[in-house]
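Q: Protein chains in written order, with our numbering: chain A, 5 to 374; chain B, 5 to 374; chain C, 5 to 374; chain D, 5 to 374. Where a beta carbon is used, it is the ideal one built from N, C-alpha and C, also for glycine. As the structure is a prediction and not an experimental result, all values here were calculated from the model.
Number of protein chains: 4
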Amino acid sequence: MQDIGVGLIGTGYMGKCHALAWNAVKPVFGDVPTIRLAHLAETDDELARTRADEFGFERASGDWRALIADPAVDVVSITTPNRFHAEMAIAALQAGKHVWCEKPMAPKPEDAEAMLAAVRASGKVAILGYNYIQNPAIRHIRALLDEGALGTVNHLRLEMDEDFMADPDMPFMYRHEASSGWGALDDFGVHTLSLVSTLLGPVARVMCDMAKPYETRITADDGRRAVEVHDIATVLVRLEGGASGVIALNRSAWGRKGRLAIQIFGSKGSIVYDQERMNEFQLYSTADRASEQGFRTVLTAPHHAPYDRFVPAPGHGLGFNDLKIIECRQLIGRMRGEPAAAIGFEEGIGIERTVDAMARSFREGRWVDV
Amino acid sequence: MQDIGVGLIGTGYMGKCHALAWNAVKPVFGDVPTIRLAHLAETDDELARTRADEFGFERASGDWRALIADPAVDVVSITTPNRFHAEMAIAALQAGKHVWCEKPMAPKPEDAEAMLAAVRASGKVAILGYNYIQNPAIRHIRALLDEGALGTVNHLRLEMDEDFMADPDMPFMYRHEASSGWGALDDFGVHTLSLVSTLLGPVARVMCDMAKPYETRITADDGRRAVEVHDIATVLVRLEGGASGVIALNRSAWGRKGRLAIQIFGSKGSIVYDQERMNEFQLYSTADRASEQGFRTVLTAPHHAPYDRFVPAPGHGLGFNDLKIIECRQLIGRMRGEPAAAIGFEEGIGIERTVDAMARSFREGRWVDV
Amino acid sequence: MQDIGVGLIGTGYMGKCHALAWNAVKPVFGDVPTIRLAHLAETDDELARTRADEFGFERASGDWRALIADPAVDVVSITTPNRFHAEMAIAALQAGKHVWCEKPMAPKPEDAEAMLAAVRASGKVAILGYNYIQNPAIRHIRALLDEGALGTVNHLRLEMDEDFMADPDMPFMYRHEASSGWGALDDFGVHTLSLVSTLLGPVARVMCDMAKPYETRITADDGRRAVEVHDIATVLVRLEGGASGVIALNRSAWGRKGRLAIQIFGSKGSIVYDQERMNEFQLYSTADRASEQGFRTVLTAPHHAPYDRFVPAPGHGLGFNDLKIIECRQLIGRMRGEPAAAIGFEEGIGIERTVDAMARSFREGRWVDV
Amino acid sequence: MQDIGVGLIGTGYMGKCHALAWNAVKPVFGDVPTIRLAHLAETDDELARTRADEFGFERASGDWRALIADPAVDVVSITTPNRFHAEMAIAALQAGKHVWCEKPMAPKPEDAEAMLAAVRASGKVAILGYNYIQNPAIRHIRALLDEGALGTVNHLRLEMDEDFMADPDMPFMYRHEASSGWGALDDFGVHTLSLVSTLLGPVARVMCDMAKPYETRITADDGRRAVEVHDIATVLVRLEGGASGVIALNRSAWGRKGRLAIQIFGSKGSIVYDQERMNEFQLYSTADRASEQGFRTVLTAPHHAPYDRFVPAPGHGLGFNDLKIIECRQLIGRMRGEPAAAIGFEEGIGIERTVDAMARSFREGRWVDV
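This is the structure in structure tokens:
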């Protein structure tokens, strides 16, 4: 395979994360082509130039269309606000580029469908930025489930909680408007669904409740405005495989910073994981002698690929940004036609349809089939 | 107040727990009348005699009616299977005895109502064995909520999980029959509701799902019989006070032995607790300096009444049986007309009505008002 | 065996703990004779009468010698300050009573030796109040070590930390005088040595450092007085069995309330325990598959005798006072000539000799053989 | 400042870690010059070429002297086995390069002294690879200590434990020979001393014990050979500031993978940290209200610089390799004459002298002044 020419649109939280991943993927993994950081686009030329310098990109543009037109670019990282995803991804695919787009696909279902149509028409690769599934701990949990370490899974609980919306004195902002989405449901729900999908398969039925911790928020003119989104969502779920469960989401959970807690119960054991301690998972196995059964805290280690590509010593710990490097390696694998654990547009649209079913369930106060 | 003459019916798991509490309540608390262990009843004379000797009771009967007729008995501990509660409690109250009855009140709502009517008619005290609310940690959490340490509570999650039904090879038994109740819902649900009620007040609306981890179980004749109860129940709830939440119950959760996990989120902080580590709770407060905010692990200590009656040193730990001693002290307080933190039949019937609403919600697949 | 007549001298922290144990031992264990609470002694008649009433004792005396002379007393619980232990224990043994004496034996080595001589001359049973070794978790750890679960033990670390001396503004008191002992070394050291002795056998050599967190403390007249004891002690140890290790003790460790942390390392695994979470221990075993090795958190359960005598359900938790009930059962067993896990005067004097060796090591700044 | 031309010698565990840091330091921090990956040296041309390609270096040599002679190189990363450090570092400094050398400096004290002399003569910057001190959690602990959050520190405990030498069936290898050093003492001791030095200042006196978990190991010819190093070392310490403490090191501690546990006790509170959970620390403060005092688990966050350069969201987690990126940023700062938290040769030699004092203490069985 030839060198890979990379284009990056957007340099915020996730844009920087992509930039770090593109810089590191070859030193970490070795077995990939040379990565050329070809072109970076931002909202204006100056910012683009500054970030291109920092992140090591050759060219810089204040217009993302210039990037997509650039023949030096083979793959485009799209890290702009969600409402731009569809237009950019479709343009990139039509220009013959591969696409690495941050999640979720698009606020409007029809846009997501158009993105899927575009990738199918293009013959190119398009994956979404579901980084949590790339954790070696999560991958190993998947392997344990596959080998039957828990027997038949019959119940699961997922919680995703942060506290960036917890302060009642935070002023009203665009993320409190209905146009920005449902709130916790799309913001966090898609992450939890990426994990359910990866570990246990598709969701069949949902029953959703949503709540607002604060009905109004202060505005710039010292008035108060009604909050239009729900920072809390709790969803009863039934999986196609038969297991029951619950997904609980809260963006106003004081003290939770990056909690993404998973509990999986099966006929032979249980597994527990929390992203706030992302370098460990807990396994309870009934294969252990009865008088010493207990949840084992397993620290991720070279046993759990591709941890070994980062550190040869066990228990030394990966970080949040490392997950993006692994995701980047999956993208490259898929570009080379190899099997790769990543969520493409096809699977991604399934996640977003599930979120839509949850929202409908809430509106209608009843169980909804996905 | 005169001596207290105690009658104990039943000497299984909870019967022994009551016996230990009656033996210990005066040495622990000091400020109570002399406790006379007057009469113990079991299913036959010989077992009654043996247990009376072990537990220190003066008289023993194979007929519980003899115990209730005994003028030396002032208060009756009822620790028999749930289906006997109503008959015994009503008889005891009609005989002018106080009643300490294990939870839940009765499998049939009409029986529970009859128990309530009996206590109202008697003018006596009747409380239920909701021991978890007696933990000094729980009481202190209540005090923190009362003083506004969390601001306005807007969300809660409760989980109660054990694994005594987790083994798929466990044979079919009476607890798998529909006549024994709903399964996790009444077995565990009432405990979680006692905590919700104590900490946050009544539940207004519920939406319940129930599930069976194993559809059938093996029978004595090597056949298989359909399991009629649900070992898993998950319930979306709305409290009268406005908070949203979820209650998740699982009797087949491998590795969970006595988990009763509480998460309470408010506008100023959060509290987390787990009965498996019953001597600590976690507090997150936004009053702490931002750069050192975090969940504090507070070990129960003499600060948290009545811990000091057990041990004068902090962090030395109470046990499960100690909670029953505190409950016993509450009963005596109520018998003396003092305010006491305990769940009487009136509040208890509210808990059971809530469980019934959950069951109806599951059957009808919709939200139900309590 | 006939009834057991109990005498209790002292009703402070440990006196109450003994009283609770004597009240509970028969209801908990069943298989013991009837316990008669015969006689209680305190420093004056009135206090003795009050406590006897609370704790359920028949007679009360302001003079402990009356208790020892009482023929109704078969066994004497001695829970007075350490400096009284020798006189009382010797008198009790000479009067033909069994003795249950709180630890340590005596501040002066010659007194401890006299206590040992007395018990040998008496033919009676005398045990010391080393309660932490009675935890079912500790007993199970011992069983695991005996069966070779860790292979050959080669290293250990023990820490015992509380914070009752941590406040620099606490006034000078008798426990800061040299006459009260060494400080952390005798106060905490003996507890850790009871565990080393129980789990791993005798200590062969020691190298001790001691330190004062506060050189002086305020006095009642607003002056300051030099502290004569050491609230911190750290001791390098070598066991007779060959393992190396360290024992670290701190009575001024802010935040530690009842920490008694044990780490044991062997050729096949490791065990970790902390008394602040006394209902669990951690086991790491190389017999587990490599990719899932980790410390298992094992909750104590009916598998771990005699937990089942307290609660039939796993993971429901014992408390600090329950350990004394188990110790009491051991005492009764030894009185009946049964094997019993308890520390008698012979083993106890070994512990105190080890503490003396530690103190000498500190004074002389060198390794000392025990 | 001009571009920085980087040379890297060695591409093993730490060599790759340096390469990742050099690739990432500008994208992460932004405020540094352009980094040119100029020259990579390995033991032969082919390996050098392969690694240069993976890590993004322009030139590759099988001879490290060619790298040092290369005028395009401004700073040399030295990540070879310890015995080569002195020769390479001195050559690089004499050639006018800055030096980033992995710890420890050199097995022989005279070599370390020569390295120090070389850096002094050169006027260049030379720092050592003590990465653990770069953790934002550790830096914040340092800030808390500086502002007096713990009052006066009076006691500390450090433990560093891994299990790569724990298997008794591991064959004899060069690291078991005396020529490779003391064992745990130099391998782990230097890391713990870098933390003591950073957080609390220099060590004044030491009393060391060392032990061998396994006296012999199997050899290739099925014989057994005596192990010459000590995989366990435990050291009593006194700091110049007056605090007492202990440093415990174990390379054969089954189950410990990257444990580096710190406990610091002061007159107003305590701090606890463990590298296995490197994204959190525990703070106990007596400034909290008494009834809610407890150890707070603080997750690292943008409050704790330079966490924010990696992730803008709190509690999302850094990894082991990220610490090296921070260290690299410190090196660049120091090259620019800015204050920078890093351990240079001067401070590094103090660490190694302390290790030597520990070794002498063990040989002589007595306290040794550093």
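Could you check where the alpha helix (DSSP H) with B/R242 kicks off and where it finishes?
A: Premise fails: B/R242 lies in the beta strand (DSSP E), 236–243, not in any alpha helix (DSSP H).
Q: State the Cα-Cα distance for the pair C/N158 and D/I236, rounded to the nearest angstrom.
A: 9 angstroms
Q: In whole angstroms, give me the CA-to-CA distance for C/G375 and C/G19.
A: Since the first and last residues shown for chain C are 5 and 374, residue 375 of chain C lies out of range.
Q: Is it buried or exposed, C/T238, if we count other Cβ atoms within 10 angstroms and call 16 or more buried?
A: buried
Q: Is any beta-carbon of chain A found at less than 8 angstroms from that of C/T301?
A: It does: the Cβ of C/T301 has a partner Cβ on chain A nearer than 8 angstroms.
Q: Name, please, each residue of chain B whose Cβ falls closer than 8 angstroms to the Cβ of D/L287.
A: E296, G298
Q: Go to A/M339, then tell me how far its alpha helix (DSSP H) extends in each direction, as first and last residue.
A: 324–339
Q: Please identify the residue among A/D171, A/P175, A/Q297 whose C-alpha is closest to the C-alpha of B/G273.
A: A/D171
Q: Taking Cβ positions, are A/D326 and D/G323 nearer each other than 8 angstroms?
A: yes
Q: Return the CA-CA distance between D/G11 and A/F176, expressed in angstroms with no decimal places.
A: 51 angstroms
Q: Taking Cβ positions only, does D/H307 come closer than 8 angstroms to chain F?
A: No chain F appears in the structure shown, which is made up of the protein chains A, B, C and D.
Q: Is the beta carbon of A/F366 less than 8 angstroms from the beta carbon of A/C212?
A: Against a cut-off of 8 angstroms, the Cβ pair of A/C212 and A/F366 comes out as a contact.
Q: On the CB-based measure, 16 or more other CB atoms within 10 Å of its CB, does C/Q267 come out buried or exposed?
A: buried
Q: Along chain A, in chain order, which residues have C-beta atoms closer than 7 angstroms to that of B/V250?
A: For B/V250, the C-beta contacts it makes with chain A under 7 angstroms involve T238, V250, A252, in order along the chain.
Q: Counting only C-beta atoms, is A/L24 closer than 8 angstroms to chain D at any point?
A: Yes, A/L24 counts as interfacial toward chain D.
Q: Take the Cβ of D/R55 as the centre, count every other Cβ of all protein chains shown within 10 Å, and call the residue buried at 16 or more, exposed below.
A: D/R55 comes out buried.
Q: For the beta strand (DSSP E) containing B/Q267, name the first residue and the last one.
A: In the DSSP annotation of this structure, the continuous segment of the beta strand (DSSP E) that includes B/Q267 starts and ends at 263–270.
Q: Which bits of chain D does A/L322 rub up against, with CB to CB less than 7 angstroms?
A: G323
Q: Taking the alpha-carbon of C/A153 as reference, which of C/A99, C/P310, C/V359, C/G270 has the nearest alpha-carbon?
A: C/G270
Q: When the cut-off is 8 angstroms and only beta carbons count, does B/K107 lie next to chain C?
A: no
Q: Per the DSSP calculation, B/F299 is bridged to which residue(s)?
A: D/T301
Q: Name the residue from B/R255, B/R281, B/F285 whose alpha carbon lies nearest to the alpha carbon of C/E284.
A: Cα-wise, what sits closest to C/E284 is B/R281.
Q: If you scan the segment 66–107 of chain A from start to end, which runs of the beta strand (DSSP E) of 3 or more residues do you find wholly inside it?
A: 79–82, 102–105
Q: In terms of alpha-carbon separation, which member of B/I137, B/W104, B/A141 lies closest to B/V129?
A: B/W104
Q: Check C/I8 in the structure and name its three-state DSSP category.
A: strand
Q: Which residue comes first and which comes last in the beta strand (DSSP E) that contains A/A130?
A: Per DSSP, A/A130 belongs to the beta strand (DSSP E) from 130–132.
Q: Once the 5 residues before and after D/L240 are set aside, which same chain residues still bring their CB inside 6 angstroms of it?
A: Apart from the 5 residues on each side of it in sequence, D/L240 sits with its Cβ closer than 6 angstroms to the Cβ of M211, V250 in its chain, given in chain order.
Q: Select from the segment 203–236 of chain A all residues with a C-beta closer than 7 angstroms to any C-beta belonging to chain B, and list them in chain order.
A: M211, D213, A215, P217, I236
Q: Work out the CA separation of D/S201 and D/G352 for me, nearest whole Å.
A: 10 angstroms
Q: Using a Cβ-Cβ cutoff of 7 angstroms, what residues of the segment 159–184 of chain B are near chain A? List them in chain order.
A: H159, R161, P172
Q: For the pair the segment 354–368 of chain A and the segment 77–88 of chain B, tell me if three or more CB-CB distances fall below 8 angstroms.
A: no
Q: Given that A/T358 touches chain B, what residues does it touch there, using C-beta distances under 9 angstroms?
A: Listed by position along chain B, the residues whose Cβ is nearer than 9 angstroms to that of A/T358 form an empty set, because the closest Cβ is around 17 angstroms away.
Q: Any idea if D/Y288 is buried or exposed, counting beta-carbon neighbours within 10 angstroms, 16 or more meaning buried?
A: buried
Q: With contact counted as at least three CB pairs below 8 angstroms, one residue from each stretch, are the segment 337–346 of chain D and the segment 123–143 of chain D in contact?
A: yes
Q: Starting from D/R4, trace the alpha helix (DSSP H) in both directions and tell me its first and last residue.
A: Any question about residue 4 of chain D goes unanswered here, given that chain D covers just 5 to 374.
Q: Whose CA, out of C/E117, C/R263, C/E58, lies closest to the CA of B/P318?
A: C/R263
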